[in-house]
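Chains as they are written, first to last, in this note's numbering: chain A, 1 to 430; chain B, 431 to 509. Beta carbons: idealized from backbone N, C-alpha and C, even for Gly. Step one of this worksheet: look at the structure below.
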Amino acid sequence: MNKIYQSRRDFLRNLAITGSVATLAASPWLGAFSNTPFKGKGPNDKVRLSVIGTGIRGRQLLRLLFTFASEANVTVSSLCDNFAPHLEEALEICHLNGVKPKTYTDYRDVIEKDKPDAVLIATPLHEHARATIDCFSAGIHVFCEKSMARTLDDTRAMYDAHIASNRILVVGHQRLFNPVYLEGMQRIHNGELGTIGQIRAYWHRNNDWRRPLPNNDMKFERQINWRLYKEYSAGLLTELMSHQIQVANWALQQSPVSVMGTASIRFWRDGREVHDNVALIYSYADGTKCIYDSMISNKKYGLEEQIMGHLGTIEFETNRQYSEKDESIKAPGIQQMISDIENKVFDKLPIGGASWVPEIAVGDQGKKIIENDQFSDTALQLEALVNFIRKGSAPEKLTKEGYNASIWTLLGENAIDTGQELKMPEKYII
Amino acid sequence: MKDIVIPAARIKKEIAAVLISLIIAFLINVYSIIKYQTSWVELFSQIGYVVFIAIIIYIISVVLRALIYIAKKVFVKKL
Ligand SMILES: NC(=O)c1ccc[n+]([C@@H]2O[C@H](COP(=O)([O-])OP(=O)(O)OC[C@H]3O[C@@H](n4cnc5c(N)ncnc54)[C@H](O)[C@@H]3O)[C@@H](O)[C@H]2O)c1
Numbered sequence: 001m002n003k004i005y006q007s008r009r010d011f012l013r014n015l016a017i018t019g020s021v022a023t024l025a026a027s028p029w030l031g032a033f034s035n036t037p038f039k040g041k042g043p044n045d046k047v048r049l050s051v052i053g054t055g056i057r058g059r060q061l062l063r064l065l066f067t068f069a070s071e072a073n074v075t076v077s078s079l080c081d082n083f084a085p086h087l088e089e090a091l092e093i094c095h096l097n098g099v100k101p102k103t104y105t106d107y108r109d110v111i112e113k114d115k116p117d118a119v120l121i122a123t124p125l126h127e128h129a130r131a132t133i134d135c136f137s138a139g140i141h142v143f144c145e146k147s148m149a150r151t152l153d154d155t156r157a158m159y160d161a162h163i164a165s166n167r168i169l170v171v172g173h174q175r176l177f178n179p180v181y182l183e184g185m186q187r188i189h190n191g192e193l194g195t196i197g198q199i200r201a202y203w204h205r206n207n208d209w210r211r212p213l214p215n216n217d218m219k220f221e222r223q224i225n226w227r228l229y230k231e232y233s234a235g236l237l238t239e240l241m242s243h244q245i246q247v248a249n250w251a252l253q254q255s256p257v258s259v260m261g262t263a264s265i266r267f268w269r270d271g272r273e274v275h276d277n278v279a280l281i282y283s284y285a286d287g288t289k290c291i292y293d294s295m296i297s298n299k300k301y302g303l304e305e306q307i308m309g310h311l312g313t314i315e316f317e318t319n320r321q322y323s324e325k326d327e328s329i330k331a332p333g334i335q336q337m338i339s340d341i342e343n344k345v346f347d348k349l350p351i352g353g354a355s356w357v358p359e360i361a362v363g364d365q366g367k368k369i370i371e372n373d374q375f376s377d378t379a380l381q382l383e384a385l386v387n388f389i390r391k392g393s394a395p396e397k398l399t400k401e402g403y404n405a406s407i408w409t410l411l412g413e414n415a416i417d418t419g420q421e422l423k424m425p426e427k428y429i430i
Numbered sequence: 431m432k433d434i435v436i437p438a439a440r441i442k443k444e445i446a447a448v449l450i451s452l453i454i455a456f457l458i459n460v461y462s463i464i465k466y467q468t469s470w471v472e473l474f475s476q477i478g479y480v481v482f483i484a485i486i487i488y489i490i491s492v493v494l495r496a497l498i499y500i501a502k503k504v505f506v507k508k509l
């Protein structure tokens, strides 16, 4: 999803050229740039951000921040990581961009000594809740990477702390800021796809999902490959599916009512604890189903969210919309007639009777949802975050999207573990 | 070399046959536009196909008329 970065200004200009501005006006990130008063920080005050967890994602967030930092008057005031090599690499990125942040190995020092306006939390999943709640207690806004937390109770506690402190909580679901999704969702919600019966989503890769250990030293295994161990992660569910269940809920404008699932360690039997092969079905109150699967031993189908209505289909990851009308019949009438006559004259007689026509997939290539798809949705999300900080608040809908996606991801894990169809327990409903 | 003389009546007959072929081809196009629910612009845009079909119809009419002519000759001689 992260593509070449265009600044928000360039992007908006391009949108204006393609005439998409009106449809995107209601989007959360354009809303962030509206002329509502600055209740947080004035436009001339520097917004100070700290990155907690400077691993792969933390450093990616840093790089994207620097693409608009001077234009948006933002700086990185501190970095925090308990693994020295990652902290050094992140510091290097800052130095290359002329910024000299303080460095810490304990996030509590970020809160007490640096006191930034907001933190970007990109630590392993099980570490999200503690840091987020402590930041809220200190009056600091939080951008927390998805999924929100390792347990249902921690997820709820993070949400409650956000409400109690009245501080911003943005969860790292960058698709919420992705113009392809914003435009596609607008069309879905306007009924262009008709009644959505099913959403099919999947994420397939073909690799062991392991990161190399420094000097191949096994003592770093859990620090580096935390996502393979149940104590820290729900594996494919929290790392990949959480994004896609968020998309499904957004498309349907509702949360599921139940989930069932099954999973296995089918291929990568290397001591990992999380499944490498998962399949779940989420049911919604109106009867819609979201059928999900993820595996990491075949990548032919890559990743996709397919929103299937009786009038059309949207495939977000590839930026395409398809109609249920047979748009392949585009040849002029007279040519169709000639070809029909030809077929009648030369085709062999069917063996199994006229009604046996296999239902193969429609070959139609569909149309792009938006023309200009060269952008980084994460950068757009970070730019919006900075504006939310200036305004002192973010749309609650954004936080709720993240919360519900995280809760339903963990309920999916529970459904797999218990072999039961599960509903959302009362205490997690917000 | 001896000049081939085509009588005026013959020419008129052939022009009529060409015109009728064109009209039939045109009507086939109208029919296919209605049947396949395509655009009426095809009345003009598919004119190449119409002419092509008209030529085929004309050729068929020539062959048919020639066959009738030959058949008639053989039949009349026998009588
Ligand atoms: N939104 C997205 O598309 C996206 C993409 C990738 C990762 N992520 C999320 O980002 C988070 C980090 O993923 P990653 O791939 O960068 O993992 P990573 O292992 O590369 O990075 C995590 C970093 O946190 C550090 N850390 C661990 N405990 C810490 C603590 N108590 N205090 C400070 N630092 C600590 C680790 O040393 C490491 O450097 C995860 O929650 C992941 O799901 C989101």
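- request: Can you grab the Cα-Cα spacing for the pair residue 71 of chain A / residue 256 of chain A, in whole Å?
  value: For the pair residue 71 of chain A and residue 256 of chain A, the Cα-to-Cα distance works out to about 41 angstroms.
message: At the level of alpha carbons, what is the spacing between residue 236 of chain A and residue 458 of chain B?
response: Those two C-alpha atoms are separated by around 60 angstroms.
- prompt: So, helix, strand or coil for residue 365 of chain A, using DSSP?
  reply: Looking at residue 365 of chain A - three-state DSSP - the assignment turns out to be coil, as it is neither helix nor strand.
- prompt: Under 7 angstroms Cβ-Cβ, which residues of chain E neighbour residue 463 of chain B?
  reply: Structure shown: chain E not included; protein chains present are A and B.
- prompt: Can you tell me where the beta strand (DSSP E) with residue 75 of chain A in it begins and where it stops?
  reply: Per DSSP, the continuous beta strand (DSSP E) segment holding residue 75 of chain A begins and ends at 74-80.
message: Could you compute how far the alpha carbon of residue 269 of chain A sits from the alpha carbon of residue 150 of chain A?
response: CA-to-CA, the gap between residue 269 of chain A and residue 150 of chain A works out to about 23 angstroms.
message: Bridge partners for residue 293 of chain A per DSSP, in chain order?
response: DSSP output for residue 293 of chain A lists A:202, A:279 as bridge partner(s).
query: Shortest alpha-carbon distance to residue 430 of chain A belongs to which of A:58, A:397, A:417, A:59?
result: The shortest C-alpha separation from residue 430 of chain A is found at A:397.
DSSP bridge partner residues for residue 143 of chain A (one or two, in chain order): DSSP lists A:120, A:170 as the beta-bridge partner residues of residue 143 of chain A.
query: For residue 300 of chain A, which beta-bridge partners are listed by DSSP?
result: DSSP, once it has assigned bridges, lists no residue as partnering residue 300 of chain A.
query: Is the beta carbon of residue 447 of chain B less than 9 angstroms from the beta carbon of residue 488 of chain B?
result: Taking a C-beta distance under 9 angstroms as the contact criterion, residue 447 of chain B and residue 488 of chain B qualify as a contact pair.
message: Going by DSSP in three states, residue 96 of chain A sits in which element: helix, strand or coil?
response: Residue state, collapsed to three classes: helix.
- prompt: Is any beta-carbon of chain A found at less than 9 angstroms from that of residue 504 of chain B?
  reply: Chain A, which has no Cβ nearer than 9 angstroms to the Cβ of residue 504 of chain B, makes this no.
Boundaries (first-last residue) of the alpha helix (DSSP H) holding residue 48 of chain A: From DSSP, residue 48 of chain A is part of no alpha helix (DSSP H) but of the beta strand (DSSP E) over 47-52.
Helix, strand or coil at residue 273 of chain A according to DSSP, with G and I counted as helix: DSSP, read as helix, strand or coil, puts residue 273 of chain A in coil.
- request: Measure the CB-CB distance between residue 136 of chain A and residue 172 of chain A and report whether it falls below 9 angstroms.
  value: Taking C-beta atoms as the reference points, residue 136 of chain A and residue 172 of chain A fail to come closer than 9 angstroms.
- prompt: Straight-line CA distance for residue 288 of chain A to residue 281 of chain A?
  reply: Their backbone Cα atoms lie some 10 angstroms apart in a straight line.
message: How far does the beta strand (DSSP E) with residue 104 of chain A in it extend, from its first residue to its last?
response: Here the beta strand (DSSP E) through residue 104 of chain A covers 102-104.
- prompt: Closest to residue 271 of chain A by CA distance: which of A:244, A:277, A:228 is it?
  reply: Across the set A:244, A:277, A:228, the C-alpha of A:228 shows the shortest separation from the C-alpha of residue 271 of chain A.
- prompt: If you drop the 5 nearest sequence neighbours on each side, which residues of the same chain put their C-beta closer than 7 angstroms to that of residue 66 of chain A?
  reply: The residues 97, in chain order, have a CB closer than 7 angstroms to that of residue 66 of chain A in the same chain once the five nearest residues on each side in sequence are set aside.
message: Can you pull the chain A neighbours of residue 451 of chain B, defined as C-beta to C-beta under 8 angstroms?
response: Result: empty, since nearest Cβ-Cβ is about 15 angstroms, beyond 8 angstroms.
query: Given a threshold of 16 other Cβ atoms within 10 Å of its Cβ, counted over all protein chains shown, does residue 3 of chain A qualify as buried or as exposed?
result: A caution first: residue 3 of chain A carries a pLDDT of 49, below 50, which makes its placement in the model unreliable, though a value can still be read off. So residue 3 of chain A ends up on the exposed side.
- prompt: Buried or exposed: residue 499 of chain B, going by 16 or more other Cβ atoms within 10 Å of its Cβ?
  reply: So residue 499 of chain B counts as exposed.
task: Compute every distance between the C-beta of residue 238 of chain A and the non-hydrogen atoms of ligand 1, then say whether any falls below 8 angstroms.
output: Placement of the Cβ of residue 238 of chain A at a distance of less than 8 angstroms from at least one heavy atom of ligand 1 is found.
- prompt: If you count every other CB in all the chains shown that lies within 10 Å of the CB of residue 345 of chain A, and 16 or more means buried, which is it?
  reply: Counting every other CB atom within 10 Å of its CB across the protein chains shown gives residue 345 of chain A a total below 16, marking it as exposed.
message: Quick check: the Cα distance between residue 301 of chain A and residue 194 of chain A, rounded to an integer number of angstroms?
response: Distance between the alpha carbons of residue 301 of chain A and residue 194 of chain A: 26 angstroms.
- request: Provide the residue(s) that pair with residue 312 of chain A in DSSP beta bridges, ordered along the chain.
  value: Residue pairing of residue 312 of chain A in beta bridges, as defined by DSSP: A:323.
Length-filtered (4 minimum) alpha helix (DSSP H) runs lying within the segment 189-244 of chain A: Correct list: 221-224.
field: Own chain residues within Cβ distance below 8 angstroms of residue 428 of chain A, not counting five before or after
entry: Excluding sequence neighbours, residue 428 of chain A sits near 152, 155, 156, 407.
- request: Return yes when the Cβ of residue 234 of chain A is within less than 9 angstroms of the Cβ of residue 409 of chain A, no when it is not.
  value: Going by C-beta atoms, residue 409 of chain A is nearer than 9 angstroms to residue 234 of chain A.
query: Considering only C-alpha positions, which residue in the set A:211, A:232, A:292 is nearest to residue 124 of chain A?
result: Looking at the Cα atoms, A:232 is the closest of the given residues.
- request: Please indicate yes or no: does the CB of residue 246 of chain A lie closer than 8 angstroms to some heavy atom of ligand 1?
  value: Answer for residue 246 of chain A: no, Cβ out of range of ligand 1.
query: Taking the C-alpha atoms as reference points, what is the distance between residue 1 of chain A and residue 377 of chain A?
result: Any reading at residue 1 of chain A is ruled out, since the residue's pLDDT is 43, under 50, leaving its predicted position unreliable.
The alpha helix (DSSP H) enclosing residue 158 of chain A, as first and last residue numbers: In this chain, the alpha helix (DSSP H) harbouring residue 158 of chain A covers 152-165.
Collapsed DSSP secondary structure at residue 307 of chain A in the structure displayed: Strand.
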